[in-house]
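Going letter by letter, the sequence shown gives residues -16 to -1, 1 to 372 in mature numbering (1 follows the signal peptide of the UniProt record, and there is no 0). Glycine included, C-beta positions come from ideal geometry on N, C-alpha and C. Since we're looking at a predicted model, the values are computed, not measured.
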Amino acid sequence: MKSIFVLFAVIGVSMGAVIEMPLTKIMSLREKLIRQGKWHEYHEQQKAARATGSQTISDYEDILYMGSITLGTPPQSFNVVLDTASANFWVVDSSCTTAVCNGAPYTRNKYQASASSTYSNDGRSWSIQYGPGTASGTLAIDKFCVAGICYNTQIFGRATSLADGFGQLPLDGVLGLGWPALAVDAVQPPFQNIMPSLDAPIFTVWLDKKGLAGGAVGGLVTYGALDAKNCQMSTLKYAPLTSQTYWQFAIAGVSAGSFSNNAMQTVVSLTGSGFIEGPASQISSIATATGASWNSTYKLYVIPCSSANNGAPVTFTINTPTPTAFPIPASEYVIDLGFGINQCVLAFSSQDNTGFGPAWILGYPFIRTYCNIHDVGNKRIGFATANH
């Protein structure tokens, strides 16, 4: 993978700083595997992993957005996936020389401890299960920086082993933005460490929807402030969190066309998911209401691409704390993966959690429609209509 050069802005304020982190788009793993004719095989492997309970909430099948950070002295740059459903930070280590760690068919940026004068060894080992499989290695301590704001003794993972599922993901690591309770080995996440330097204990995520070209600027994460340029602040509503692990909150219903379910359900807004996932029966009803049909070859719901212009919105009613409707337009949930013949994909898929975890995962279609304001200080998450 070519190095991604981005320009960060640091805005000085009287009490702290505001950091703007541009996000870069990469290609969807799902799209790659479909084009290679390998999606069915991969889907069956993931289905088996879910049956064993070994998989975490982040599947990374449709990761499209990454940001840049640095480690060490002098700084070493890495392009990392921002994941609000995990809390650990790790990068691929130079000691791992397998094809997966090397990044074939990409070239990964790897951490070189010997090249950093501020490196020290933590001594502990770590292992985390993700959708693509296990990432593991040892913990280290070094200087972490994002947009000029640094924390000198950040504990992070040096990944010395990656499962084969990471092979086609052009990432150098993962930056967890979940709550500390999720962190393996009780490691303090980077955001909590830089939070005292920020103007406010919040971060705002805005995702762009202009195309899906790899390497294109695709969004912005603003640490320490609201994003008044890309988000309509007059529409901002907050939902109290129902858990301080994931960014989890409650909805009072979901509807699409003639379908409506008014049951109280828990949901998670997730930067690590390209689709919206929910209970199979409700996803099936949404597919019917939007005119989609199941494709057994792709293991996806397909829908005419023309539906993006005139399809019915899918609406989630979120407790903010009074019920408020948040419609997602068809232009956000009808995804073109290059099938041709006016055939696109419905960006909804089923995930039955067998009574554990959130009923719904709101991924990119929701986050592109509504900026997500993660308010750590007040233990709430806000939503504001995104500008495009």
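With three or more CB-CB distances shorter than 8 Å, the region 271 to 285 counts as touching the region 237 to 250. A contact is defined here as three or more CB-CB pairs under 8 Å, and the region 77 to 92 meets this definition with respect to the region 124 to 144.
Within the same chain, and ignoring the five residues on either side of GLN266 in sequence, the residues whose Cβ sits closer than 6 Å to its Cβ are ASN245. Taking C-beta separations shorter than 6 Å and ignoring five residues to either side along the sequence, the partners of PHE332 in its chain run ILE260, ILE267, ILE270, following chain order.
Annotation for THR137: no alpha helix (DSSP H) segment contains it, though the beta strand (DSSP E) segment containing it runs 133 to 146. Of all alpha-carbon atoms in GLY361, ALA370, SER334, the one lying nearest the alpha-carbon of ILE351 is that of ALA370. According to the DSSP assignment, GLN232 belongs to the beta strand (DSSP E) that extends over 231 to 240.
Straight-line measurement puts the Cα of SER290 at about 43 Å from the Cα of LYS94. Around GLY151, the same chain offers VAL84 as residues with beta carbons nearer than 6 Å, after the five sequence neighbours per side are excluded. Around the CB of ARG92, 16 or more other CB atoms lie within 10 Å, so the residue is classed as buried. If you look at GLN266, you'll find it in the alpha helix (DSSP H) that goes 264 to 274.
In its chain, beyond the 5 residues on either side, GLY203, LEU204, ASP211, ASN214, CYS215, CYS355, ALA370 have a beta carbon closer than 7 Å to the beta carbon of TRP190. Between the region 315 to 323 and the region 291 to 298 there are three or more C-beta pairs closer than 8 Å, enough to call the two in contact. Per the coordinates, the alpha-carbon of ILE302 lies some 36 Å from the alpha-carbon of PHE128.
Among the bridge pairs identified by DSSP, ALA309 is matched with THR301. Put simply, the region 225 to 232 does not touch the region 102 to 122. Fewer than three CB pairs are less than 8 Å apart. Going by C-alpha positions, PRO313 is about 21 Å away from ALA234.
Bridge partners of HIS358 according to DSSP: PHE187, ILE365. Counted as a single uninterrupted DSSP element, the alpha helix (DSSP H) harbouring VAL84 occupies residues 83 to 86. With fewer than 16 other beta carbons inside 10 angstroms of its own, ASP148 counts as exposed. Two segments are said to touch when three or more pairs of C-beta atoms, one from each, lie closer than 8 Å; by this definition the region 304 to 313 does not touch the region 245 to 255. Around GLN96, the same chain offers SER78 as residues with beta carbons nearer than 6 Å, after the five sequence neighbours per side are excluded.
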